[in-house]
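Engineer: According to this note's numbering, the sequence shown is numbered sequentially starting from 395. Don't be surprised by glycine CBs; every beta carbon is placed ideally from N, CA and C. There's a structure below that I have some questions on.
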Amino acid sequence: MAQSREHTFSGTRDRITARVWPNERPRYVAVLVHGYGEHIGRYEYVADRLVRHGAAVYGPDHMGHGRSEGDRVLIEDFEDVVTDVHTVERLGRADHPGVPVVVIGHSMGGLIAARYAQRHGAGLAALVLSGPVIGSWAIVPELLAYEEPPGTPIDPATLSRDLSVGTAYAADPLVWHGPFKRATLEAFATTLATIAGSGTFGSLPTLWVHGEADELVPIAGSRPGVEAVRGADLTERVYPGARHEVFNETNKDEVLDDVTAFVDRALSRAS
């Protein structure tokens, strides 16, 4: 696996820890945006594939997640998270001036990446959305119906057909295994509406990958959201039988081959 180092900075609300997988002469900078309750350390395999493909890889633990500071899984405004990710992008650009940037977001990270593209897409070479929380996510209104959201732990078996992925997830001390915070659910609802009303990605090359059997973020809820923001250059890949974490699925190499081939096409168009 590619070696990595940590970098910390003052985020919009709390101190943020980011991880960097360096590449001395990268063809592009990849910014990884992780999902709800997890952390960037779960993306070692993805980062290794991207480094071998020619990327320098950067990714933060969001506020309240992983090694970053803040109340656990408390996000009151996703615009703050987008701003923190932009700080990470600027770090990558400072390390590698003039190198194109690709943003890759999974699940909640797909929500963040989609909003990121609306705010900062003019500076990106490509966007990848994996199982994105976009459009509608039924769990948000369901849990907001309660004054105090009940505990709804994620069933690790829904992550991947490779059950070792769920086992590792359940045993990971940096993963949040408790209930949603109400303020975080409200922030999800606000940002889903903001994305829907803030225009398309324009000409930004976008790849949408999703597991056909995703029970955590069902494709039927995400599709209207993707259609609402898609620009002129959308590529879609739906993997039969795959569950939520397509980057950790039994066919993860097929998925990552699709990602790297897409990035190659996007970079060739930009050159």
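With G635 and A590 assumed to form a contact (beta carbons below 8 Å), what rounded beta-carbon distance in angstroms separates them?
Structural biologist: Along the sequence shown, one-based indexing puts residue 635 at 241. Along the sequence shown, one-based indexing puts residue 590 at 196. At roughly 29 Å, the Cβ-Cβ gap does not stay under 8 Å, so G635 and A590 are not in contact.
Engineer: Which same chain residues end up closer than 7 Å to I434 when comparing Cβ atoms and leaving out the 5 residues on each side of it in sequence?
Structural biologist: Numbered from 1 along the sequence shown, position 40 holds the residue referred to as residue 434. Contacts found: R413, L426, H428, G453, P454, D455, G460.
Engineer: In three-state terms, what does DSSP make of I528?
Structural biologist: By 1-based counting over the sequence shown, the position of residue 528 is 134. Coil.
Engineer: For Y439, name the three-state secondary structure that DSSP assigns.
Structural biologist: Locating residue 439 in the sequence shown gives position 45, where the first residue counts as 1. The answer is helix: DSSP assigns Y439 an H, G or I state.
Engineer: Tell me, please, which residues DSSP counts as bridged to G453.
Structural biologist: Here residue 453 corresponds to residue number 59 of the sequence shown, with the count starting at 1. Answer by DSSP bridge pairing, in chain order: R413.
Engineer: Measuring straight from C-alpha to C-alpha, what distance separates V603 and E432?
Structural biologist: Locating residue 603 in the sequence shown gives position 209, counting from the first residue. Locating residue 432 in the sequence shown gives position 38, counting from the first residue. Each residue's alpha carbon lies about 19 Å from the other.
Engineer: Find the nearest neighbour of G503 within the set N642, V479, D549, judged by alpha-carbon distance.
Structural biologist: One-based indexing of the sequence shown puts residue 503 at position 109. Ranking the options by Cα distance to G503, first place goes to V479.
Engineer: CB P599 to CB A520, shorter than 8 Å?
Structural biologist: The residue labelled residue 599 in the question sits at position 205 within the sequence shown. The residue labelled residue 520 in the question sits at position 126 within the sequence shown. Contact: yes.
Engineer: Measure the CB-CB distance between G499 and L523 and report whether it falls below 8 Å.
Structural biologist: The count along the sequence shown starts at 1 and reaches residue 499 at position 105. The count along the sequence shown starts at 1 and reaches residue 523 at position 129. It is a contact, given that the beta carbons lie within the stated cut-off.
Engineer: So I589 is in the alpha helix (DSSP H); what residue range does that whole segment cover?
Structural biologist: Locating residue 589 in the sequence shown gives position 195, where the first residue counts as 1. That run of the alpha helix (DSSP H) goes 576 to 590.
Engineer: What number of angstroms, rounded off, separates the C-alpha of W531 from the C-alpha of S662?
Structural biologist: Position 137 of the sequence shown, counted from the first residue, corresponds to residue 531. Position 268 of the sequence shown, counted from the first residue, corresponds to residue 662. One C-alpha to the other measures close to 35 Å.
Engineer: Quick check on L523: does DSSP put it in helix, strand or coil?
Structural biologist: Mapped onto the sequence shown, residue 523 falls at position 129. Looking at L523 - three-state DSSP - the assignment turns out to be strand.
Engineer: Pairing CB atoms from the region 644 to 655 with CB atoms from the region 435 to 450, are three or more of them under 8 Å?
Structural biologist: Verdict: yes, contact present.
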